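A short worksheet on the structure shown next.
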Amino acid sequence: MTARVLSIANCKGGTGKTTSAVNIAAELGARGYRVLVIDLDPQGHAGLGFGVSARLGSSNAHAPLLRPQAGFDGAAQATEEDNVAVIPADRSFDGQLGHGDVRCLATALAPLRRSHDLVLFDVPPSAAALTVCALMASDGVVIPTTLDPLGLEGVRQFARSYHDTMLRFRAAPLGLAIAPMRIDLRTNVERETLGTLRTAFGPGQMVRGVRTDVTVSEAFARRQPVRRYRAGARAAEDFFGLADDLVQRFGIECTADYAEPSYGRQEGFSRGVSWR
Numbered sequence: 002m003t004a005r006v007l008s009i010a011n012c013k014g015g016t017g018k019t020t021s022a023v024n025i026a027a028e029l030g031a032r033g034y035r036v037l038v039i040d041l042d043p044q045g046h047a048g049l050g051f052g053v054s055a056r057l058g059s060s061n062a063h064a065p066l067l068r069p070q071a072g073f074d075g076a077a078q079a080t081e082e083d084n085v086a087v088i089p090a091d092r093s094f095d096g097q098l099g100h101g102d103v104r105c106l107a108t109a110l111a112p113l114r115r116s117h118d119l120v121l122f123d124v125p126p127s128a129a130a131l132t133v134c135a136l137m138a139s140d141g142v143v144i145p146t147t148l149d150p151l152g153l154e155g156v157r158q159f160a161r162s163y164h165d166t167m168l169r170f171r172a173a174p175l176g177l178a179i180a181p182m183r184i185d186l187r188t189n190v191e192r193e194t195l196g197t198l199r200t201a202f203g204p205g206q207m208v209r210g211v212r213t214d215v216t217v218s219e220a221f222a223r224r225q226p227v228r229r230y231r232a233g234a235r236a237a238e239d240f241f242g243l244a245d246d247l248v249q250r251f252g253i254e255c256t257a258d259y260a261e262p263s264y265g266r267q268e269g270f271s272r273g274v275s276w277r
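If you count by this note's numbering, then the sequence shown holds residues 2 to 277, one letter each, in order.
The following block contains the structure:
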């Protein structure tokens, strides 16, 4: 069995891509899934979310994008989260590819797929060539979005770009999963935007999202996933439900025996709230 590979991407910045990558990885790692996060954003925030940065002189997430035939040898670093490793970003990467091979990430990743159950690419916004390379290596795409007009337009723009990419390179269509972030359905704008997403993309493309919770930013500031920082937070509950949906949506299989996270058995703790 080889890993499922998912890109977490959106044309718009500030939609929760990195926090999604960090917290989905930590949640599934706690269940026994072997997870690898590849930080393609030069800001390096996915690595920082686990307290990890690239080691001087070592390989990193951008090496295959800069040098033909470069791989990920020795690039993965262990984290404090069970079963989660990170390939950190090259924070000097300027977005320019060093060659024209759009399948370079797929080639570099191939040797690692059998030693993991899930690989997550944290894809930066506004980096078209890099995004294409990530899509060519992926089995599916998770699109985090805010529930506002700009967030809606970002999803529409990414979906158009995604379909154009699949046609251009004659690639098999990937599965899409739209995950609302920072949800507060007390506002008319958010309720209307959620309804528009359901109508435009269909309820089958929607997965559970994450409610507004200051714990997310507090945890990130401490270089920890939410489940480690405050396991009883509603964001931890929501990432639990989102992880469940992604496992089902993309058929992610665990090679280890499933172990229910301890906080998931606490009294009154549900498995997330459905926003579909």
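C-beta: ideal position from N, C-alpha, C; glycine also.
Predicted, not measured: the structure shown is a model, and the values here were computed from it.
query, result
"Tell whether a beta-carbon distance below 8 Å holds between Val85 and Val36.", "yes"
"Under a three-way DSSP split, which group does Gly141 fall into?", "strand"
"Using 10 angstroms around the beta-carbon of Ala62, count the other beta-carbons present and answer buried if the total reaches 16, otherwise exposed.", "buried"
"Assign Gly152 to one of two classes, buried (16 or more other C-beta atoms within 10 Å of its C-beta) or exposed (fewer than that).", "buried"
"Just to confirm, does Pro226 get its C-beta within under 7 Å of one of the non-hydrogen atoms of the ligand GDP?", "Inclusion of the ligand GDP in the displayed structure is not the case, the ligand content being empty and no account of it being possible."
"Count the other CB atoms, across all protein chains shown, that sit within 10 Å of the CB of Ser218; report buried if there are 16 or more and exposed otherwise.", "exposed"
"I want to know whether the region 158-177 touches the region 28-48 - three or more CB-CB distances under 8 Å.", "no"
"What ranges does the beta strand (DSSP E) occupy inside the region 65-112, keeping only unbroken runs of at least 3 residues that lie completely in it?", "85-88"
"Between His100, Val143, Gly52, which lies nearest to Arg68 when the distance is taken from Cα to Cα?", "His100"
"Which of the three DSSP states is assigned to Ile25 in this structure?", "helix"
"Does the distance from the C-beta atom of Gln249 to that of Cys12 stay below 8 Å?", "no"
"Whole angstroms are fine: how far does the CA of Gly72 sit from the CA of Pro89?", "14 Å"
"Determine the closest residue to Phe241 out of Thr3, Ala31, Glu193, with distance taken between C-alpha atoms.", "Ala31"
"Which class does Ala201 belong to by DSSP, given the choice of helix, strand or coil?", "helix"
"Count the CB pairs spanning the region 203-217 and the region 176-187 that are closer than 8 Å, and state whether there are at least three.", "yes"
"Do Arg228 and Glu81 have their beta-carbon atoms positioned less than 8 Å apart in this structure?", "no"
"So, for Ala107: in the same chain, excluding its five sequence neighbours on each side, which residues have a beta-carbon less than 7 Å away from its beta-carbon?", "Met137, Ala138"
"If I measure Cβ to Cβ from Asp1 and keep anything under 6 Å in the same chain, skipping five residues before and after, which residues do I get?", "This structure cannot settle anything about residue 1, because the visible part of the chain is limited to 2 through 277."
"What's the C-alpha gap between Pro204 and Arg56?", "43 Å"
"Is it buried or exposed, Gly196, if we count other Cβ atoms within 10 angstroms and call 16 or more buried?", "exposed"
"Could you check whether Thr3 and Arg183 sit closer than 8 Å to each other, using their CB atoms as the reference points?", "no"
"Just list the residues that DSSP pairs Gly176 with in beta bridges.", "Gly141"
"Helix, strand or coil for Thr20? Go by DSSP, reduced to three states.", "helix"
"Please return the same chain residues whose Cβ sits closer than 8 Å to the Cβ of Arg223, not counting the five positions on each side in sequence.", "Tyr230"
"Going by CA-CA distance only, name the one from Thr132, Thr20, Ser127 that's closest to Ala244.", "Thr20"
"Residues in the same chain with beta-carbon distance under 6 Å from Asp246, minus the five sequence neighbours each way, listed in chain order, please.", "Val208, Arg209"
"For a quick check, are the C-beta atoms of Asp140 and Val6 less than 8 Å apart?", "yes"
"DSSP three-state call for Val248: helix, strand or coil?", "helix"
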